[in-house]
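One structure below.
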Amino acid sequence: MVDLSQSLHAQSIQDPISFWQDAAKMISWDRVPTQILDEARKPFYEWFTDGKMNTCFNAVDRHVAAGGGDNIAINYISPVTQNQYQITYNELLAQVSRLAGYMQSIGIEKGDRVVIYMPMIPETAFAMLACARIGAIHSVVFGGFAANELSTRINDAKPKLVLSASCGIEPSGVVPYKPLLDDALEQASHQVGHCLILNRHQYQASLIAPRDVDWQQAVAGASGVDCVSLQATDPLYILYTSGTTGQPKGVVRDNGGHAVALCWSMKHIYDISADEVFWAASDVGWVVGHSYIVYGPLLVGATTIMYEGKPIGTPDAAAFWRIIAANKVKSFFTAPTAIRAIKREDPDGELIKQFDLSCLKQMFLAGERCDPDTLNWSQAMLGKPVIDHWWQTETGWPVAANLMGVDPIAIKPGSPARPVPGYQVEVLDAMGKQVPANESGNVVIKQPLPPGTLTTLWQNDNRYVESYLSMYPGYYLTGDAGYIDDDGYLYIMSRIDDIINVAGHRLSTGRFEEVLCQHPAVAEAAVIGVQDKLKGQVPLGMVVLKNGVDLSDEDLNKQLLALVRQEIGPVASFRLVSAVPKLPKTRSGKILRATMRKIADNQEYSVPATIEDPQTLEIVRNTLTRMGYANALTKTLA
Numbered sequence: 001m002v003d004l005s006q007s008l009h010a011q012s013i014q015d016p017i018s019f020w021q022d023a024a025k026m027i028s029w030d031r032v033p034t035q036i037l038d039e040a041r042k043p044f045y046e047w048f049t050d051g052k053m054n055t056c057f058n059a060v061d062r063h064v065a066a067g068g069g070d071n072i073a074i075n076y077i078s079p080v081t082q083n084q085y086q087i088t089y090n091e092l093l094a095q096v097s098r099l100a101g102y103m104q105s106i107g108i109e110k111g112d113r114v115v116i117y118m119p120m121i122p123e124t125a126f127a128m129l130a131c132a133r134i135g136a137i138h139s140v141v142f143g144g145f146a147a148n149e150l151s152t153r154i155n156d157a158k159p160k161l162v163l164s165a166s167c168g169i170e171p172s173g174v175v176p177y178k179p180l181l182d183d184a185l186e187q188a189s190h191q192v193g194h195c196l197i198l199n200r201h202q203y204q205a206s207l208i209a210p211r212d213v214d215w216q217q218a219v220a221g222a223s224g225v226d227c228v229s230l231q232a233t234d235p236l237y238i239l240y241t242s243g244t245t246g247q248p249k250g251v252v253r254d255n256g257g258h259a260v261a262l263c264w265s266m267k268h269i270y271d272i273s274a275d276e277v278f279w280a281a282s283d284v285g286w287v288v289g290h291s292y293i294v295y296g297p298l299l300v301g302a303t304t305i306m307y308e309g310k311p312i313g314t315p316d317a318a319a320f321w322r323i324i325a326a327n328k329v330k331s332f333f334t335a336p337t338a339i340r341a342i343k344r345e346d347p348d349g350e351l352i353k354q355f356d357l358s359c360l361k362q363m364f365l366a367g368e369r370c371d372p373d374t375l376n377w378s379q380a381m382l383g384k385p386v387i388d389h390w391w392q393t394e395t396g397w398p399v400a401a402n403l404m405g406v407d408p409i410a411i412k413p414g415s416p417a418r419p420v421p422g423y424q425v426e427v428l429d430a431m432g433k434q435v436p437a438n439e440s441g442n443v444v445i446k447q448p449l450p451p452g453t454l455t456t457l458w459q460n461d462n463r464y465v466e467s468y469l470s471m472y473p474g475y476y477l478t479g480d481a482g483y484i485d486d487d488g489y490l491y492i493m494s495r496i497d498d499i500i501n502v503a504g505h506r507l508s509t510g511r512f513e514e515v516l517c518q519h520p521a522v523a524e525a526a527v528i529g530v531q532d533k534l535k536g537q538v539p540l541g542m543v544v545l546k547n548g549v550d551l552s553d554e555d556l557n558k559q560l561l562a563l564v565r566q567e568i569g570p571v572a573s574f575r576l577v578s579a580v581p582k583l584p585k586t587r588s589g590k591i592l593r594a595t596m597r598k599i600a601d602n603q604e605y606s607v608p609a610t611i612e613d614p615q616t617l618e619i620v621r622n623t624l625t626r627m628g629y630a631n632a633l634t635k636t637l638a
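For the sequence shown, full-length UniProt numbering assigns the number 1 to the initial residue and increments by one for each residue that follows.
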């Protein structure tokens with residue numbers, strides 16, 4: 001029996017032009033497109049080529065024009081500043097149009113780049129939408145990034161204007177942004193003519209005239225402007241991929257395809273319509289923040305929550321559940337690492353039981369592989385469907401997911417379900433041959449990619465082709481390894497470079513982590529392949545234990561080694577495991593396995609700009625040294 005989600009997927013692959021022409025009716029067009037897919041510049045495909053529209057109009061103005069001006073657009077919740085307020089669509093329109101007016105008054109035009117370096121506050125959304133309103137291309141850089149990393153992005157994007165705030169607020173205290181920005185501008189070879197600075201009362205930054213201008217004064221004195229009509233193929237934004245070092249890799253997103261894909265996904269995947277409340281607990285510095293804090297919810301007229309806080313510690317591990325209950329959140333989206341942090345603090349879910357979560361229909365997890373134990377725990381504690389889904393900065397919206405707004409299918413822990421309509425996902429071996437069901441290989445997507453995915457890398461078509469399209473002509477290389485089972489469910493096990501070769505056996509680190517997380521004492525795990533003279537590589541594991549665990553290192557090691565031997569077998573050669581207080585991660589929750597592997601193998605490495613806590617790498621180094629690795633003096637590059 002074919003379910004509705006399968007039928008939709010088949011339609012999208014067999015007749016993509018009709019499928020996406022119909023989906024395009026979900027947005028407002030200045031000129032309705034007639035050329036749905038343009039293949040003239042293969043492998044650079046374009047969607048809705050002759051269409052004209054404006055993303056800001058679709059996210060803001062059209063809801064006001066339809067009578068929804070008094071509906072809540074943004075609900076700002078900041079436990080770190082003890083502040084919460086709501087912004088209607090009318091208020092959003094006023095703020096965005098005036099900010100866009102100021103930008104136009106200083107000479108910002110269609111095609112100009114604007115770098116946004118700001119915390120999780122509504123003004124960040126205003127900035128993105130104001131750029132979209134006048135056709136400027138925004139590039140959001142995660143607030144608090146080191147000055148040298150910010151300067152490389154400034155040099156690559158070459159902005160005329162930087163929009164920033166005086167500071168961000170972390171649980172540890174105030175993080176001044178303005179000194180970092182000044183340092184970055186000093187380092188950058190590209191000269192930025194204008195900076196608009198939002199001074200927050202927690203930290204008052206000094207403004208350097210005439211370059212720096214006060215945000216509130218500038219916007220208060222500006223006149224609102226209308227939306228500029230843009231080609232669907234005009235760039236909306238550049239987003240640099242996390243962990244970028246050296247030459248930045250800027251993913252380019254277009255206007256038309258992006259708006260159509262996000263509208264489609266909000267309805268069909270996340271089951272969100274106008275006036276409903278959606279919360280993606282992420283940051284605007286990441287693709288999740290672009291797609292599902294700012295653009296996605298606003299494009300369909302929903303309420304989006306902007307949260308300036310953490311899953312634990314602001315003030316406690318009940319933060320997510322408290323906000324969901326108080327604000328009637330229907331669909332909630334976060335990263336598995338956030339849930340693992342909560343689980344570690346509240347393993348029995350006692351804090352969850354304190355709140356009425358009847359408003360919540362489902363929770364979505366993405367950003368890294370979700371181990372089955374985390375998904376099973378979440379479903380047991382919440383009594384709700386927990387949807388693991390998979391996508392990338394490059395794709396901009398989900399590649400594989402359970403279509404909760406259409407016809408939900410059975411949840412299989414460990415799998416993000418089946419490919420979403422528009423994506424023809426296959427698993428290939430090194431020679432480009434499709435592998436049988438349940439066999440691992442390289443996960444690829446057949447071209448053309450659907451609307452909303454990357455169109456190229458900023459000013460670097462060659463690198464786009466080399467990075468993603470050259471290994472398997474006609475396919476986009478995701479960089480992930482996995483398999484598809486007999487039911488068509490996709491399993492993403494690890495990055496391609498996280499496949500380890502143990503005496504000729506190709507094993508996924510993700511599978512090891514899945515097994516380690518089955519142990520009742522383990523909150524989360526990371527496994528890397530380390531060099532071995534006899535077997536080439538052997539797996540080495542680090543685990544973070546749940547709070548309150550009373551287990552000796554010797555007993556823990558014995559139990560974990562026995563568990564891996566039972567689940568994977570002696571071929572795993574799993575002998576190395578240690579508990580650590582914390583794993584090194586990016587701010588988006590991705591474990592820095594590649595960096596850990598370089599430390600273990602005494603290779604030169606750089607501390608990624610995206611790291612959440614640099615001290616965790618020292619913890620890893622010390623632990624690896626105790627285990628007999630990382631013995632040589634490793635040079636750490638700045």
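Idealized CB from N, CA, C, for every residue including glycine. Computed from a prediction, not measured in an experiment: that's the story for all the values here.
With 16 other CB atoms within 10 Å as the buried threshold, where does residue i fall?
i	result
R41	exposed
H201	exposed
P16	buried
R593	buried
S151	buried
A205	buried
A319	buried
P581	exposed
N622	exposed
G548	exposed
N442	buried
M431	exposed
E276	buried
T625	exposed
K590	buried
R31	exposed
Residue i and residue j: beta carbons closer than 8 Å?
i	j	result
L236	V251	no
Q537	V530	yes
W321	L351	yes
A261	F48	no
V139	L403	The question names Val, but residue 139 in the sequence shown is Ser. Not closer than 8 Å, so no.
G143	P159	no
V427	Y475	no
L332	I324	Looking at the sequence shown, residue 332 is not Leu but Phe. Yes, these two residues count as a Cβ contact at 8 Å.
P608	T586	yes
K535	S573	yes
V228	R133	yes
P413	P372	yes
V284	P171	no
L198	A165	yes
S415	L298	no
G111	V287	no
Would you grab the beta carbon distance between residue i and residue j for me? Rounded to a whole angstrom, and I think it's under 8 Å.
i	j	result
E524	R340	4 Å
V406	L92	Incorrect: roughly 29 Å between the Cβ atoms, too far for contact.
F19	T455	Not really, about 19 Å apart at Cβ, beyond 8 Å.
I492	W390	5 Å
What residues are listed by DSSP as bridge partners for residue i?
i	result
Y475	K446
Y491	Y483
T334	L365
D388	L365
L457	V251
W47	L37
K52	R31 and Q231
N438	None, per the DSSP bridge assignment.
P539	G529
A400	W390 and P419
R113	I137
L545	V522
L428	Q434 and N442
Kindly provide the ranges of any beta strand (DSSP E) runs that are 3 or more residues long and lie completely inside the stretch 196 to 259, ordered along the chain.
212 to 214, 235 to 240 and 250 to 254
Ignoring anything shorter than 4 residues or poking outside the stretch 560 to 633, list the alpha helix (DSSP H) runs there in chain order.
593 to 600 and 615 to 626
Pick out the complete beta strand (DSSP E) segments inside the stretch 56 to 95, 3 residues or longer, and give them in chain order.
72 to 78 and 83 to 88
Whole runs of the alpha helix (DSSP H) within the stretch 262 to 330, excluding any shorter than 4 residues
296 to 299 and 319 to 327
Give, in chain order, every unbroken run of the beta strand (DSSP E) that is at least 3 residues long and sits entirely within the stretch 136 to 189.
137 to 140, 161 to 165, 167 to 170 and 173 to 176
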